[in-house]
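Residues in the sequence shown are numbered consecutively from 207, following our numbering.
Positions of the beta carbon are idealized from the N, C-alpha and C atoms, including for glycine.
Just so you know, these numbers come straight off a predicted model, no measurement behind them.
Step one of this worksheet: look at the structure below.
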Amino acid sequence: MNVFQKISILFFVLFTVAFSASAQQLIVTADSTVKKKKKAKVVYDSTYNPNVAVRRSLILPGWGQITNKKYWKAPIVWGALGTTTVIFFRNLSQYRDAKQAYIFASDTILNNDQFIKEPYYS
């Protein structure tokens, strides 16, 4: 056995022993003067099905929030999706313009420099 295997076995044994150790259990006796509070009964709406909200939000983002009667959250979802869409297509357009400007600037034809758009003009 090489040194690495011996060290690995040693660590495995040490960690196994360390994690199997347990502390003493604290025994608490109930106080006879304290009255237990009754738990409030929770009434669940049997007509509500969370799977419907999931399906609706998969079809149209934000529709699940409307189903859950959280109307104020739907415009936030739509705004976030709209913003990311606009930023994506704007960056895609800028990338294509920069790529075309690089192609025009790096070729040997001097007349192509007039086709480079303004922010990328060299």
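Return helix, strand or coil for residue i, following the three-state DSSP convention.
i, result
"P281", "helix"
"F249", "In the sequence as presented, Phe is not what sits at residue 249; that position holds Val. Note: V249 maps to coil in three-state DSSP."
"T314", "coil"
"N274", "coil"
"V234", "coil"
"Q211", "helix"
"F217", "helix"
"T239", "coil"
"Y308", "helix"
"Y301", "helix"
"P267", "coil"
"I293", "helix"
Residues in its own chain within less than 7 angstroms of residue i by CB, not counting five upstream and five downstream?
i, result
"V292", "none"
"K323", "D303, A307"
"T273", "V258, A259, R262"
"G270", "A259, V260, R262, S263"
Whose C-beta lies closer than 8 angstroms to the C-beta of residue i among residues of the same chain, with five residues either side of it excluded?
i, result
"P267", "V283, W284, L287"
Got a sec? Which residues, its chain only, sit under 6 angstroms from residue i by beta carbon, not counting five neighbours each side?
i, result
"S328", "Reliability of the predicted coordinates at S328 is poor, the pLDDT of 43 falling under 50, and no value is obtained from them."
"T253", "none"
"V233", "First, the residue type needs correcting, since residue 233 is Ile and not Val in the sequence shown. If we look at I233 and ignore the five residues flanking it on each side, it has no Cβ neighbours."
### Query
Quick one: any contact between the region 265 to 278 and the region 289 to 306, if contact means 3 or more CB pairs under 8 angstroms?
no
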